[in-house]
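Q: Residue 8 in numbering that gives the first Met the number 0 sits at position 9 of the sequence shown, and the numbers go up by one each step. Cβ coordinates follow ideal geometry from the N, Cα and C atoms, glycine included.
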Amino acid sequence: MAGCVFCGIVAGEVPAFRVVDTFDGVAFLDTRPVFKGHVLVVPRTHLVTLADLPPESLAGYFGLVRRLTVAVESGLGAGGTFVAMNNKVSQSVPHLHTHVAPRTKGDGLRGFFWPRTRYADDAEATAYAERVRRAVPDGA
């Protein structure tokens, strides 16, 4: 969809630190991560909310999200992950996307308060994307 930044990333027209690019979706680093290594997973087609995702796409899309939770945890040595999705309210980009953020005990994330951080530079972001990419289980 014209003007959608996530569609631009999927099409390769907007630069992003890609982690995975599959038939079921594309995963890339959030530019304003809760914690470094925070990944966004988006379907390849422009859909706004979860209700718009066709039932036949659920297994593939959420299978990709599941693989990314494994990759973020193992690739970054995280204690776990926080997986979230907004639908309309608080959805900064109106394109279906799932957040997969690394978690560690005592990291300060409480409830739905999302502190944001930044990567020092593109090299650091590239290194985080690569760490997660290498840890994606087969099938992604």
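Does the distance from the CB of Y127 to the CB of F16 come in under 9 Å?
A: yes
Q: Could you check whether the region 72-83 touches the region 97-108, counting it as contact only if at least three pairs of C-beta atoms, one from each stretch, sit closer than 8 Å?
A: Cβ pair count under 8 Å is three or more, so yes.
Q: Measure the alpha-carbon distance for V92 versus T116 and round it to whole angstroms.
A: 19 Å
Q: For F34, count the other beta carbons within 10 Å of its own beta carbon; 16 or more makes it buried, fewer makes it exposed. Which is it?
A: Looking at its Cβ environment, which holds 16 or more other Cβ atoms inside 10 Å, F34 is buried.
Q: Can we count C3 as close to the ligand ADP, meaning its CB is less than 8 Å from some heavy atom?
A: This structure lacks the ligand ADP; in fact it carries no ligand of any kind.
Q: Specify, as a first and last residue, the run of the beta strand (DSSP E) that D20 falls within.
A: 17-20
Q: Have a look at V131, T48, R31 and flag the residue whose alpha-carbon is nearest the alpha-carbon of D120.
A: Looking at the Cα atoms, R31 is the closest of the given residues.
Q: Between L52 and T21, how many whole angstroms is the CB-CB distance? I'm expecting something under 8 Å.
A: L52 to T21, Cβ: 15 Å. No contact.
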